[in-house]
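Just so you know, the protein sequences line up as chains D and H, in that order.
At position 90 of the first sequence (counting the first as 1) the number is 90 in the UniProt record's numbering, and the numbers step up by one without a gap.
At position 45 of the second sequence (counting the first as 1) the number is 45 in the UniProt record's numbering, and the numbers step up by one without a gap.
Every residue, glycine too, gets a C-beta built ideally from N, C-alpha and C.
Because the structure is a prediction, the values reported are computed rather than measured.
To start, the structure under review is shown below, and the notes come after it.
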Amino acid sequence: MQPDTTVLTRRAFLSASLLAGGGLALDFTIPVQAAVPAGASVLGAFVSIAPNGAITIMGKNPEIGQGIKTSLAMMIADELDADWAQVSVVQADVDPDRYGPQFAGASLSTPTNWLPMRRAGAAARDMLLRAAATRWNVPIDQIKTAKGRLIHGATKRSLGYGDVASAAAMLTPPDLQTVKLKSPDQFSIIGQPTRGVDSGRVIRGEPLFGIDTRLTGMLYAAYEAPPAHGAKLRSADLSAAKAAPGVKHVFQIQGAGGPGGVVEGIAILATNWWYANEARAKLVLDWDMTAAKGHSSEDYAAQAKALLDANAGIDFERSGDPAKAMAGAAKRIKSRYDYPFLAHATLEPQNCTALYQNGQIEIWAPSQQPQPGRELIAKELGIPLDKQIVHITRIGGGFGRRLNNDYMAQAAAIAKALPGVPVQLLWSREDDTRRDFYRPGGWHEFEAGVDGDGKIVAFTNHFATFGADGKSQRFANMAERHFPARLVPNLAFTQSYMKIGIPMGALRAPTSNAMAFCFQGFLDEVAVLGGRDLPSLILELCAEDKIVGDADAPDIAPKGFHTARARAVVEKVVEISKWAERPKEKGRGRGFAFYFCHQGYFAEVVDVSVADDKSITVHKIWAAGDVGRQIVNPMMAEAQVRGSILDGLAQALEGQKITFTDGAIEQSNFSDFRLGRIDRNPDVEIAWVLSDFHPSGLGEPALPPVIPALTNAIYAATGTRVRSLPIEL
Amino acid sequence: MNYTLTINGKRRSVDVAPEMPLLWVLRNELGLVGSKFGCGMGVCGACTVHVDGQAQRSCSLPISDVGTAKIVTIEGVGATPVGQRLQKAWLDIDVAQCGYCQAGQIMSAAALLQQTPKPGHEDIVSGMSGNICRCATYDRIQKAILNAAGKMEAVDAA
Ligand code: FES
Ligand code: FES
């Protein structure tokens, strides 16, 4: 379910037209699919400048708290030399022809939009300049722009953008590939700490989120889904639920197949969601649990142990002769690591609003990638794409949960059964916890050998995970050429697979959130074995300048791993945390970890103390990050880093785990799947390493290293090595 | 059953079951959607409102227990001096990420400052620990409360 990124950097296309009521409407498409006819008056154009100078920019991607609605508009407005105070940002509907990919995931919105957004802004500015040059009859290079105005210094004349917007609309747009962009020192909006464009509405409690959608005559729906993954409905008596207070309709929905779409169950619609949800207790349902049998977290853990014992994994990555090198090593170490399944627990439970009438459906979807949601509805419910209007709402937390569109298909299925009635489907917290696409658990055995200087000569990892036919299932995989592959002479990664009937998906920093803990924890053991510390071991592995993985591509942040960038963040965090002088006292210690994912590099140090009663206090965290040469919005960037770090700490320290027996999830609410609270809010010091690369995203890469930095710190404080999550000392 | 409530200074009448929690009266009967649903069992604080000045979890308060108490929600808290200062402080350092928890956070913070106008770190932790922020904006929540209480120099954003 991850977005296809191959099309994102293709040539963009621009068209200009007259705004209804006068002014410039600029549309552009990435990639080119349908250009708006020139001269047509356009509503909801990508960028529009009204005669009074007001600038409207469409927010093309879903806003999940990552600040993208603000930061993409900042990119356009800066190149346009707009007055930020005159800019408003409006959430766009789903329209792939106009906006190209519209998703919030994989920290890709910044890297994939960095140049296209700026080029659009620069193109608009270019057209305004040309219109002003004609108006004044002066050479274009004598005109300057600033804060939404065109200035001719020699004659002390100036015009607002709105004054020439209609004239600009008649000009041919420039070629987006060659339009001149600012140099970073010319930025006036990018790089400024900028408040979220919706923050005022948030703090006043105005309707913004999917769950806040209100339509006249709307009914509220609760949904009784199978109590266990794999369970099938044998029979249902709906009569008592139908008679419950406030209830208007109760009916069965047929499942369409997999858990990612319409799941079979009973829809209850009432005038108030509370009535609908209460009526669930009156349903008399007989579930066939046969297919759910055997899907138990304990069984998988036992199977994984047997697979690791058998040590017959399939090769995933191999170089040199690890067995021979291991045998010849001065010292060897072997360890096993594991981590549990996790839920996403977005604070806004899954919900979606839909209205079906006259063969057409209109949907209000809090989805991280609503475009595949439309395709799902077309496929499973037979409503063609051109009969769907999909509005994107603000989203109360994504974390990867809303890359799936099951709730969207479910709402559409309910609405389709009740033509003309607007329907809001809402899940209870218990539904949300039990019908997730979980971060898969995983089990690892590592072995490493070092020479007399503590240098790694052999390294192996055997990963017991979920999959079949010699392949791991998506999100139960590990990255190709995972660190330290290609940096150690003799190395083997092998994998063994188990079949699973529990839905799995991407959780913030997918795969990395788990791999970092295992690999960086084990590498810390290797460093200790070799009589050194982990920063020096990583620096040694990365000593030679090279790129592991994909070669750099033009116009986008590099995908491959640059050893030089790794060294720079390691050195930075060592410096700001004064690692070399770290205090060594009983019960208190510091740990370090480094990780590269989602095109970003983070090295982190955690200062922790462990009391006699085993309680853990995190005092401070230092984080050094490299996400390219430009931090677009420093305020939101720091918020993402802090949020990611606390998210990782909660995974490790709050006992977070999802367990299941015969396909039924055992956790239900925040009482047994606990999130971090304000009492664990350590000081976080962030330092940016500005490397000379295009910027990449920040939704994810700061999370993975904090967990091993914490467990390595616990080792430093106590001598106890944490090899299993969540932490139980 | 018919109930007449005083919400944000206005009288509103509803006809609902006595067990219906106040949250669902606000959100689904009265169109006041600022108070949010997170857990439905009193453990996340997203639904926090003031009942006679006390912070309460509206998801766990049956309408029949409200009686004549005065209810203030996020939609009305800006009319109080403390609410106004908090909302300004929240904007100045831009506390929100996804924003979903923030109504509940502000309502808990307002109740805290009404009782403890100059809170220390411990007061903030105990006053705010019932409110989950999944995005973990805790650092800025703490700063905004201190700013609103006049304890810190406000850090201004663009
Ligand atoms: S919804 Fe009321 S405390 Fe969570
Ligand atoms: S801002 Fe997202 S839950 Fe608090």
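Buried versus exposed, by CB contacts within 10 Å (16 or more), residue i
i	result
Met1(H)	exposed
Gln186(D)	exposed
Pro37(D)	The predicted position of Pro37(D) is uncertain, since its pLDDT is 34 and thus under 50; a value taken from the coordinates is nonetheless stated next. So Pro37(D) ends up on the exposed side.
Phe594(D)	buried
Ala568(D)	buried
Lys144(D)	exposed
Asn311(D)	exposed
Val284(D)	exposed
Asn633(D)	buried
Ala34(D)	Reliability of the predicted coordinates at Ala34(D) is poor, the pLDDT of 28 falling under 50, and the value obtained from them is presented with this limitation in mind. So Ala34(D) ends up on the exposed side.
Asp4(D)	Here Asp4(D) scores only 33 on pLDDT, less than 50, and its place in the model is too uncertain to base an answer on.
Lys586(D)	exposed
Arg565(D)	buried
His121(H)	exposed
Ala77(D)	buried
Ile140(D)	exposed
Asn52(D)	exposed
Lys471(D)	exposed
Ala716(D)	buried
Thr216(D)	exposed
Ala551(D)	exposed
Ala165(D)	buried
Asp288(D)	exposed
Glu604(D)	buried
Thr155(D)	exposed
Gly420(D)	exposed
Leu385(D)	exposed
Gln115(H)	exposed
Proximity to residue i [Cα-Cα], best of the options
i	options	result
Tyr223(D)	Gly255(D), Arg195(D), Asp198(D)	Gly255(D)
Pro704(D)	Gly600(D), Thr194(D), Leu729(D)	Gly600(D)
Gln656(D)	Ala343(D), Gly589(D), Val569(D)	Ala343(D)
residue 737(D)	Pro116(D), Leu219(D), Thr216(D)	In the structure as shown, chain D begins at 1 and stops at 729. Residue 737(D) is therefore absent and cannot be evaluated.
Lys455(D)	Leu418(D), Thr145(D), Asp533(D)	Asp533(D)
Pro503(D)	His444(D), Arg434(D), Ala509(D), Asp552(D)	Arg434(D)
Ala514(D)	Trp443(D), Thr659(D), Met74(D)	Trp443(D)
Ala17(D)	Ala120(D), Thr172(D), Phe602(D), Ala415(D)	Per the sequence presented here, residue 17(D) reads as Ser, with Ala not at that position. When each option's Cα is compared against that of Ser17(D), the closest is Thr172(D).
Glu445(D)	Ile333(D), Phe463(D), Ile253(D)	Phe463(D)
Gln520(D)	Ile621(D), Val706(D), Ala479(D), Ala378(D)	Val706(D)
His50(H)	Gly99(H), Glu75(H), Ile93(H)	Glu75(H)
Asn8(H)	Gly40(H), Ala136(H), Ser35(H)	Ser35(H)
Asp309(D)	Leu698(D), Ile678(D), Ser496(D), Phe517(D)	Ser496(D)
Glu685(D)	Ala702(D), Ile678(D), Pro384(D), Gly676(D)	Ala702(D)
Gln630(D)	Gly100(D), Pro193(D), Leu523(D)	Pro193(D)
Ile71(H)	Ala55(H), Asn28(H), Gly83(H), Arg85(H)	Ala55(H)
Ala353(D)	Thr213(D), Glu447(D), Leu238(D)	Checking the displayed sequence, the identity of residue 353(D) turns out to be Thr instead of Ala. Here the closest residue by C-alpha is Thr213(D).
Lys143(H)	Gly130(H), Ile63(H), Ala96(H)	Ala96(H)
Near ligand 1: residue i beta-carbon under 6 Å from a heavy atom
i	result
Arg57(H)	yes
Phe37(H)	yes
Ala46(H)	yes
Gly42(H)	yes
Length at least 3, wholly inside the stretch 97 to 169 of chain D: the beta strand (DSSP E) runs in chain order: Entirely contained in the stretch 97 to 169 of chain D, the beta strand (DSSP E) runs reaching 3 residues are, in chain order, 143 to 146, 149 to 152, 157 to 160.
Neighbouring residues (CB closer than 6 Å to any heavy atom of ligand 2): Matched residues: Gly65(D), Leu347(D), Gly397(D), Ala96(H), Gln97(H), Cys98(H), Gly99(H), Tyr100(H), Cys101(H), Gln102(H), Cys133(H), Arg134(H), Cys135(H), Thr137(H).
Inside the stretch 342 to 388 of chain D only - alpha helix (DSSP H) runs reaching at least 4 residues: 370 to 381, all fully within the stretch 342 to 388 of chain D.
Length at least 4, wholly inside the stretch 562 to 637 of chain D: the alpha helix (DSSP H) runs in chain order: Segments of the alpha helix (DSSP H) lying fully in the stretch 562 to 637 of chain D: 563 to 576.
Completely contained beta strand (DSSP E) runs for the stretch 60 to 139 of chain H, where each covers 3 or more residues: Runs found: 70 to 72.
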